[in-house]
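J.: To start, I am sharing the structure in question, which I have written as structure tokens.
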Amino acid sequence: MYGLKEAGKLSNLRLVSLLSSAGFFETRTPCLFRHLTRPIAFVLVVDDFGIKYQNRDDFDYLVSSLSRLYQVKASPVATRFLGFTLEHDRAHRTLTLSYPGYVDAMLFRLRPLGVKPAASPSLYVPPHYGASDPQRPTSDSSPPATPAQKQELQIAIGYLLYYGRCVDGRVLPATCALASVLSTATQRTMVELERLLGFVAAHRDGRKVFHPSSMLLDILTDASYLSRPKAGSVGGSFHHLGRALDPDFINAPISVHSTGIPIVCSSVQEAEYAGTFAAAKIGTGERQVLDDLGYPQPPTVIHCDNEVAVGLAQKSVKPKLSKSCDMRLHWLQDRVAQQQFIVRHIPGAINVADFFTKPLPVHRHKFLAPFIASDIGGSRFSRRLDRKLTKSK
């Protein structure tokens, strides 16, 4: 009944009952269903079904089971799901995910007259080293943003957070940085928004290209220390499905994250450890989803470019002055002991997660961006790094 507050729950119970009578059961992952005997699984989001199957008979069985109560529109080869466009390239064995028209709709709403293109989504301020010019806390003394500007900022963040997490991770760090200062936005914030919109306008074809993998979760993590106002630090991570026999393989990400660390870190090492902790928390849920899909996971490797943080996670470094993270972050040590995760060191130059923690110079942005949202996914990072170093020489 329209307007009944219990309608959603009643509809769900009715659907689950129908599926149960056909042999389908809900796994530990909410809205992810599998069949008792048939090799078929699907995820349900409101009224959209994303189905994984091997035999056409199993697909037809699910459709016929649903058709007993509902009018069903089904396609054996998915081309659309949750608004996204899916493109299958059988010859090259790739799956491309994109959202055509999404960026155009946002820019038409916010900048109908156009915006100046930008090569990167963030304004990069190079650091100054040396005793004669020490690092200073960042401050913003520009005038506050107007209410109309704050509303515009809210609209842009709403559009780009969803888009950055699902399709084009290149815009996620800058969007999260703007979201963290939304309540105290200034004219400087609006300049940063203009830069982000300029990048989006120049790169409207964001997409992810997934290549065949061993369905093994692999995580790269990084952190930036005191890079946000009020002594805030940022953790970032890149989660993808790798290949068992090719540790250098980089696939398109199944998820990317850029988020403020909810504690004031007392050192770079603590920030890196906190970033690794956050990535492992997310990875725990992803491991369960993969297991529920029928891909049990060995210990998941988390790559971190800070040796002290790696040592803390593996308990090979004796902690000092670490009481602030004893209760919050040593959960990671417990999960490593349970062999759910293995934390390994990775050189910072080839750490994709570096992209999600701070603004980067244009040359560094251009080097890392193709791994996050374009057709280079599926390449081996070490080869690309070798080419870059050779060109630099």
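Using my numbering, you'd call the opening residue of the sequence shown number 543 and step up by one each time.
Beta carbons: idealized from backbone N, C-alpha and C, even for Gly.
Assuming R770 and G748 form a contact by the criterion Cβ under 8 Å, report the distance between their Cβ atoms to the nearest whole angstrom.
T.: Against the sequence shown, residue 770 aligns to sequence position 228. Against the sequence shown, residue 748 aligns to sequence position 206. That belief does not hold up - the Cβ atoms of R770 and G748 are roughly 25 Å apart, past 8 Å.
J.: For L759, I'd like the list of residues in its chain whose CB is within less than 7 Å of its CB, leaving aside the five on either flank, ordered along the chain.
T.: By one-based count along the sequence shown, residue 759 stands at place 217. Once the five neighbours on either side are set aside, the close Cβ partners of L759 are H781, L783, G825, E828, R829, L832, Q839, T842.
J.: Can you tell which of H887, A821, Q880, L835 has its C-alpha closest to the C-alpha of G853?
T.: Locating residue 853 in the sequence shown gives position 311, where the first residue counts as 1. Distances from the CA of G853 to each of H887, A821, Q880, L835 were compared; the closest alpha carbon is that of H887.
J.: Between which two residues does the beta strand (DSSP E) harbouring H782 extend?
T.: Position 240 of the sequence shown, counting from 1, holds the residue named residue 782. 774-784 is the span of the beta strand (DSSP E), which, as asked, contains H782.
J.: Based on Cα-Cα distance, which residue from A820, A773, S607 lies nearest to L560?
T.: Taking the first residue of the sequence shown as 1, we reach residue 560 at position 18. The shortest C-alpha separation from L560 is found at S607.
J.: Are the Cβ atoms of K772 and A727 separated by less than 8 Å?
T.: Here residue 772 corresponds to residue number 230 of the sequence shown, with the count starting at 1. Here residue 727 corresponds to residue number 185 of the sequence shown, with the count starting at 1. No, they are not a contact pair.
J.: Mind checking H799: buried by the 16 CB within 10 Å criterion, or exposed?
T.: Against the sequence shown, residue 799 aligns to sequence position 257. Buried, by the Cβ-count rule.
J.: What is the residue span of the beta strand (DSSP E) that S769 lies within?
T.: By one-based count along the sequence shown, residue 769 stands at place 227. S769 -> beta strand (DSSP E) spans 758-770.
J.: Spatial neighbours of R737 within its chain, please: C-beta separation below 6 Å, excluding the five flanking residues on both sides.
T.: Indexing the sequence shown from 1 puts residue 737 at position 195. Within the same chain, R737 has close Cβ partners A660, L665.
J.: Mind checking N597: buried by the 16 CB within 10 Å criterion, or exposed?
T.: Start at 1 with the first residue of the sequence shown, and residue 597 comes out as number 55. It counts as exposed.
J.: Between which residues of its own chain and T818 is the CB-CB distance below 7 Å, once the five residues before and five after are set aside?
T.: In the sequence shown, residue 818 corresponds to position 276, counting from 1. Same-chain partners within the cutoff: T763, I844, C846, A851, A855, L874, V885.
J.: Just the Cα atoms here: how many angstroms apart are Q882 and D876?
T.: If you number the sequence shown from 1, residue 882 lands on position 340. If you number the sequence shown from 1, residue 876 lands on position 334. Distance between the alpha carbons of Q882 and D876: 9 Å.
J.: Can you tell me which of the three DSSP states R635 falls into?
T.: Taking the sequence shown and counting its residues from 1, one reaches residue 635 at position 93. Correct three-state label for R635: coil.
J.: From V558 to F567, what does the alpha carbon distance come to, in whole angstroms?
T.: Numbered from its first residue, the sequence shown carries residue 558 at position 16. Numbered from its first residue, the sequence shown carries residue 567 at position 25. Their backbone Cα atoms lie some 8 Å apart in a straight line.
J.: Check whether the Cβ atoms of L765 and E814 lie closer than 8 Å to each other.
T.: Sequence index remark: in the sequence shown, residue 765 carries index 223 (1-based). Sequence index remark: in the sequence shown, residue 814 carries index 272 (1-based). A small correction: the amino acid at residue 765 is Ala; Leu does not occupy that position in the sequence shown. Going by C-beta atoms, A765 is nearer than 8 Å to E814.
J.: Taking the Cβ atom as the reference point for each residue, do V592 and F623 lie within a distance shorter than 8 Å?
T.: Walking along the sequence shown from the start, residue 592 turns up at place 50. Walking along the sequence shown from the start, residue 623 turns up at place 81. Note that residue 592 is Gly in the sequence shown here, rather than Val. Between G592 and F623, the gap from beta carbon to beta carbon is short of 8 Å.
J.: Bridge partners for F567 per DSSP, in chain order?
T.: Locating residue 567 in the sequence shown gives position 25, counting from the first residue. According to DSSP, which records beta bridges pairwise, F567 is partnered with R576.
J.: Given that a residue counts as buried once 16 or more other Cβ atoms are within 10 Å of its Cβ, and exposed if not, what is Q811?
T.: Taking the sequence shown and counting its residues from 1, the one referred to as residue 811 is at position 269. When all chains shown are included, Q811 counts as buried.
J.: Would you mind stating whether D602 and R580 have Cβ atoms separated by less than 8 Å?
T.: What you label residue 602 is simply residue 60 of the sequence shown in a count that begins at 1. What you label residue 580 is simply residue 38 of the sequence shown in a count that begins at 1. Contact: no.
J.: What number of angstroms, rounded off, separates the C-alpha of L637 from the C-alpha of A891?
T.: Working through the sequence shown from its first residue, we reach residue 637 at position 95. Working through the sequence shown from its first residue, we reach residue 891 at position 349. Computed Cα separation, rounded: 28 Å.
J.: Are T899 and G778 closer than 8 Å when you measure CB to CB?
T.: Position 357 of the sequence shown, counting from 1, holds the residue named residue 899. Position 236 of the sequence shown, counting from 1, holds the residue named residue 778. Yes, the Cβ-Cβ distance between T899 and G778 is below 8 Å.
J.: Is R929 helix, strand or coil when you go by DSSP?
T.: The sequence position of residue 929 within the sequence shown is 387, counting from 1. Its pLDDT being 49, under 50, R929 is placed unreliably by the model, and the measurement read from it follows with that caveat. If DSSP states are grouped into helix, strand and coil, R929 belongs with the helices.
J.: Whose C-alpha, out of V585, S563, G565, is nearest the C-alpha of T571?
T.: Here residue 571 corresponds to residue number 29 of the sequence shown, with the count starting at 1. For the residues V585, S563, G565, the minimum Cα distance to T571 belongs to V585.
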